[in-house]
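As C-alpha cells, the structure follows; a few thoughts come after it.
2 protein chains.
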Amino acid sequence: MKFNDYISIIIHQTDLALTGHIKSKLDALNIAPEQNLIMLLLWEQDGLSQNEIAEKLDKDKTNIARMLFNLEKKGFIRRDISQSDRRSLRVYLTDKGQELGKQVVPITEEFNRIVCQGITEDELYVVRGILGKMRRNVE
Amino acid sequence: MKFNDYISIIIHQTDLALTGHIKSKLDALNIAPEQNLIMLLLWEQDGLSQNEIAEKLDKDKTNIARMLFNLEKKGFIRRDISQSDRRSLRVYLTDKGQELGKQVVPITEEFNRIVCQGITEDELYVVRGILGKMRRNVE
DNA sequence: TTCATAATGTTGCTATAGCAACTATTTTGC
DNA sequence: GCAAAATAGTTGCTATAGCAACATTATGAA
Chain A
1 MKFNDYISII
11 IHQTDLALTG
21 HIKSKLDALN
31 IAPEQNLIML
41 LLWEQDGLSQ
51 NEIAEKLDKD
61 KTNIARMLFN
71 LEKKGFIRRD
81 ISQSDRRSLR
91 VYLTDKGQEL
101 GKQVVPITEE
111 FNRIVCQGIT
121 EDELYVVRGI
131 LGKMRRNVE
Chain B
1 MKFNDYISII
11 IHQTDLALTG
21 HIKSKLDALN
31 IAPEQNLIML
41 LLWEQDGLSQ
51 NEIAEKLDKD
61 KTNIARMLFN
71 LEKKGFIRRD
81 ISQSDRRSLR
91 VYLTDKGQEL
101 GKQVVPITEE
111 FNRIVCQGIT
121 EDELYVVRGI
131 LGKMRRNVE
C-alpha cells in the first residue's frame, strides 16, 4: 500500500491546508484558528465552563485551559470562579471579545465559501456523512 | 453560521480522531504517526534527502528535520552528508528501521480497513476528489 | 458525618505544525 | 572567477494536541 492510498493521510493533508489558510486570514486579528473555535462557541453562548467548552469541542481539557489562558491574555475573555462550584471556571466574553466577532465571522464564512467552491450541496452532504462514519469507525 | 456548518471543522475533528487512533496503535512500536509517514517513504525509497522528504510530504522542512532527529535518536535511520552536495543530508534506514516496517505495515493497513468500514469504493473515490478540490481551492 | 470517589483545572511532558532568521554551501550572472 | 542569489538545514518562536500526575473541591456511600 502506497502513501496516497491511505485515506487518513489525504484527510490529514487537507486539514493542514485548510487550517493553514484560515490561520493566515485570521493573523491580522491576532486570533489563532483553534482559539477562534472557542470564541465561536462563546459568541453563541456566553458563560460556559472550561469543561463544557472542552466537551463541546471534543478536545482535551488541557489544551482548552491553555488556549483560554492565551485568550484572556489577549483580552478577549475573562474567567471567573463559578459561584456554585468553586472548582469550575466560567468563561465570559469581554467587550473586545464581542467586537472581535463582528470582524471574524465574515472572514470565516468567506473562508467556508472558498473551500466549498465548485462543490455541490449533495457532495458536501455525502462527505459529511462519510467523515462521520469514519469517526465512529475508530471510536 | 453554526459550528458544525463549517466543513473545515468536520475535517479537522475527523483528522484528530483518526490520528489519535493510529497513534495509540503505533505506541507499542515506539513510533509516532508522522514519524511513521517518513518511514513509509523510506521503505519505498531509501536514501532520500531531508528536502526531498519535506517536499513529498508537503511539510515544512523544520519539522522534517526534527522528526528525523528523533528517528535517528530511536535508531531507525541514520543521516549522512551527501557526497555531491555538502549542504544536503541523505537519510538511510538502519536494520532496525527495516525491521520496523514488517511490524508497522500490517497495523497501518488494518487501520485503513477499520476507517473505511461500511464505505464503498465509489464513496471513497468521491471523498478523495472533493478533498482534493478543497485543497486546490485554498492554494 | 466522614471517608472514598468524582470532577475541575493545572503543570509537565512529548509530538506535530509552520514562520522568521540564521549558517553553510552551491549555483548563476556578469 | 567572483559577487549575488538560491538552496539545505538548523535554531528559536508560537500554537495545537493529548497523556499522566497532581491539587482542590464536591459528591456519595456507609
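Each protein sequence line maps, in turn, to chains A and B.
Going by full-length UniProt numbering, the first sequence wraps up at 139, each residue one higher than the last.
Going by full-length UniProt numbering, the second sequence wraps up at 139, each residue one higher than the last.
Virtual Cβ for every residue (Gly too), placed ideally from N, Cα, C.
None of the values given here were measured: they were computed from a predicted structure.
Determine whether the beta carbon atoms of residue i and residue j lie at a separation below 8 Å.
i                      : j                      : result
residue 131 of chain B : residue 14 of chain A  : yes
residue 115 of chain A : residue 8 of chain B   : yes
residue 10 of chain B  : residue 4 of chain B   : yes
residue 176 of chain B : residue 112 of chain A : Chain B is shown only over 1 to 139; residue 176 of chain B falls outside these bounds and no answer can be derived.
residue 133 of chain A : residue 20 of chain B  : no
residue 128 of chain B : residue 17 of chain A  : no
residue 67 of chain B  : residue 34 of chain B  : yes
residue 126 of chain B : residue 126 of chain A : yes
For residue i, which residues does DSSP report across the bridge?
i                     : result
residue 77 of chain A : A/93
residue 49 of chain B : B/90
My assumption, with CB atoms under 8 Å, is that residue i sits in contact with residue j. Please give the rounded CB distance.
i                     : j                     : result
residue 51 of chain B : residue 61 of chain B : 6 Å
residue 88 of chain A : residue 24 of chain A : Residue 88 of chain A to residue 24 of chain A, Cβ: 35 Å. No contact.
Contact the stretch 71 to 83 of chain B vs the stretch 38 to 49 of chain B: 3+ CB pairs below 8 Å: yes
Cβ-based contacts, 7 Å cut-off: residues of the stretch 118 to 138 of chain B near chain A: 118, 119, 123, 124, 126, 127, 128, 130, 131, 133, 134, 135, 137 and 138
Inter-stretch contact at 8 Å, needing at least 3 Cβ pairs: the stretch 92 to 105 of chain B / the stretch 10 to 30 of chain B: yes
Near-chain A residues of the stretch 55 to 76 of chain B - C-beta to any C-beta below 9 Å: 56, 57, 58 and 59
Members of the stretch 6 to 22 of chain B that neighbour chain A once the beta carbon cut-off is set at 9 Å: Correct list: 6, 7, 8, 9, 10, 11, 12, 13, 14, 15, 16, 17, 18, 19, 20, 21 and 22.
Sufficient close CB pairs (3 or more, under 8 Å) joining the stretch 108 to 126 of chain A to the stretch 80 to 100 of chain B: no
Residues of the stretch 91 to 119 of chain B whose Cβ lies closer than 9 Å to any Cβ of chain A, in chain order: 105, 108, 109, 111, 112, 114, 115, 116, 117, 118 and 119
Under 8 Å (Cβ pairs) to chain B, residues found in the stretch 25 to 44 of chain A: 37, 40, 41 and 44
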